[in-house]
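Okay, structure first, notes after.
Number of protein chains: 2
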Amino acid sequence: MISNSSKYAIKALLYLATHSSIDNKIMVKDIAKPINVPKAYIAKLLQQLVRENLISSARGPKGGFYLDEDNLNKTVINIISVIDGEDNLNSCMLSLNECNENKPCPLHYVLSASRNKIIKTLNNKTINELALEVKLGKAFLPL
Amino acid sequence: MISNSSKYAIKALLYLATHSSIDNKIMVKDIAKPINVPKAYIAKLLQQLVRENLISSARGPKGGFYLDEDNLNKTVINIISVIDGEDNLNSCMLSLNECNENKPCPLHYVLSASRNKIIKTLNNKTINELALEVKLGKAFLPL
DNA sequence: TATATAATATGATAAAAATCATATTTAAGA
DNA sequence: TCTTAAATATGATTTTTATCATATTATATA
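Note that the protein sequences, when read in sequence, are chains A and B. Once you know that position 104 of the first sequence is 104 in the working numbering, the rest is easy, because the numbers rise by one and skip nothing. Once you know that position 126 of the second sequence is 126 in the working numbering, the rest is easy, because the numbers rise by one and skip nothing.
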């Protein structure tokens with residue numbers, strides 16, 4: 001439903017949102033440790049996220065990863081879409097392709113409301129907003 | 001979060017709930033086709049489900065799979081637990097082990113309510129109740 | 001402009017999940 | 001009680017996901 005890779009990517013963005021800035025770029029190795037993901041693995045994911053404009057980077061000395069204004073306004077769904085592809089979250093819980101709101105499978109039927117709410121939330125909440133919850137002391141890292 | 005195998009198992013139980021009885025047992029091959037799962041794969045899962053008392057079976061001629069009264073009262077969570085193990089659904093969306101209601105990660109924080117509702121539903125709804133939705137015309141197979 | 005530092009591209013390996021294949025056991029019915 | 005029809009047990013294979021390794025490219029700064 002949501003892959004390990006997506007989870008790692010979300011963690012990385014949350015970490016960058018709360019710790020980096022254009023003047024304070026963070027290297028792979030300094031991201032991997034605190035978010036608890038293998039360095040070589042997160043490195044690959046970060047590269048992919050850069051290509052898809054979800055995060056920013058600079059090479060060479062003083063280089064590293066950070067989030068610019070645009071990056072901060074990405075949503076969780078944006079991340080999952082890039083890493084896992086579009087459809088995973090849109091499909092019903094049993095991955096039935098003939099299942100939809102009009103003709104729902106039994107599980108879909110009983111879960112529809114909650115499920116829609118989750119998707120809506122993931123669609124609306126930006127990384128920036130999530131990071132704000134942390135600054136307000138409502139939510140917590142470590143990741 | 002919820003494996004393919006679990007999805008297949010849920011589909012199988014829903015199919016049996018709506019089509020089988022102790023007097024009308026259904027063979028592997030007649031389950032595999034309508035629920036759209038490879039025969040050899042579902043066979044293995046069905047065997048596991050029998051061992052864990054989630055479904056019933058009989059060998060030999062006139063044999064096959066069916067649900068007894070006890071089986072019909074199993075919940076979706078029961079199925080997922082048997083196939084995927086206990087923890088998968090209880091963990092937070094990012095699989096953080098230090099994340100909980102009191103000290104939630106940002107994602108957990110914004111999804112908590114919907115997520116709890118889903119888990120509660122999966123915990124309470126029995127296979128029998130789900131099948132009833134179908135009989136009442138509120139929900140639909142095919143699977 | 002040489003050096004060192006950092007991301008990038010590419011691909012190999014390992015682990016897990018999904019799928020397939022088959023010999024064995026059980027039981028119904030002729 | 002023999003034959004046949006079914007599940008069961010076991011394990012092999014394939015595919016996908018996760019992980020690791022490294023040579024290449026870009027850039028700050030001495």
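Every residue, glycine too, gets a C-beta built ideally from N, C-alpha and C. Predicted, not measured: the structure shown is a model, and the values here were computed from it.
Item: By DSSP, does residue 10 (chain A) sit in helix, in strand, or in coil?; Value: helix
Item: With 9 Å as the C-beta to C-beta threshold (strictly closer), list the residues of the stretch 38-69 of chain B near chain A in chain order.; Value: none
Item: Could you give the distance in angstroms between the alpha-carbon of residue 135 (chain B) and the alpha-carbon of residue 141 (chain B)?; Value: 10 Å
Item: Can you grab the Cα-Cα spacing for the pair residue 106 (chain B) / residue 26 (chain B), in whole Å?; Value: 47 Å
Item: I think residue 42 (chain A) touches residue 31 (chain A), with their Cβ atoms under 8 Å apart; what is that distance to the nearest whole Å?; Value: 6 Å
Item: If you draw a straight line from the alpha carbon of residue 117 (chain A) to that of residue 114 (chain B), how long is it in whole angstroms?; Value: 7 Å
Item: Should residue 124 (chain B) go down as buried or exposed, given a rule of 16 or more other Cβ atoms within 10 Å for buried?; Value: exposed
Item: Within 10 angstroms of its Cβ, does residue 139 (chain A) collect 16 or more other Cβ (buried), or is it exposed?; Value: buried
Item: Which parts of the stretch 47-109 of chain A are runs of the alpha helix (DSSP H), unbroken and 4 residues or longer, counting only runs that do not cross its ends?; Value: 69-72, 76-84 and 87-90
Item: Give the secondary structure of residue 20 (chain A) by DSSP, where H, G and I count as helix, E and B as strand, and everything else as coil.; Value: coil
Item: DSSP state of residue 2 (chain B), grouped into three classes?; Value: coil
Item: Would you verify that the beta carbon of residue 139 (chain A) is, or is not, closer than 8 Å to some beta carbon of chain B?; Value: yes
Item: Beta carbons nearer than 9 Å to chain B: which residues of the stretch 104-115 of chain A have them?; Value: 104, 105, 106, 107, 108, 109, 110, 111, 113, 114 and 115
Item: Check whether the Cβ atoms of residue 35 (chain B) and residue 46 (chain B) lie closer than 8 Å to each other.; Value: no
Item: Taking just the CA atoms, how far does residue 33 (chain A) sit from residue 96 (chain A)?; Value: 38 Å
Item: Please work out which residues of its chain come closer than 6 Å, Cβ to Cβ, to residue 126 (chain A), disregarding the five sequence neighbours upstream and downstream, and give them in chain order.; Value: 73 and 75
Item: Apart from the five residues just before and just after residue 17 (chain A), which ones in its own chain have a Cβ nearer than 8 Å to its Cβ?; Value: 67, 72, 127, 128, 130 and 131
Item: Against chain B, does residue 121 (chain A) count as a neighbour if the rule is that its beta carbon must be under 8 Å from one of theirs?; Value: yes
Item: Based on the DSSP secondary-structure assignment, which residues constitute the bridge partners of residue 126 (chain A)?; Value: A:75
Item: As a quick exercise: from A:143, A:94, A:100 and A:13, pick the residue whose alpha carbon is nearest that of residue 7 (chain B).; Value: A:94
Item: Mind listing the chain A neighbours of residue 72 (chain B)? Cutoff is C-beta to C-beta under 7 Å, in chain order.; Value: The contacting residues do not exist; residue 72 (chain B) stays about 13 Å from chain A at best.
Item: Taking only beta-carbon positions, decide if residue 34 (chain A) is within less than 8 Å of chain B.; Value: no
Item: Looking at the C-beta of residue 95 (chain A), does it have a partner C-beta in chain B at a distance below 8 Å?; Value: yes
Item: Quick one: what's got a C-beta closer than 7 Å to residue 111 (chain A)'s C-beta in the same chain, skipping five residues either side?; Value: 93
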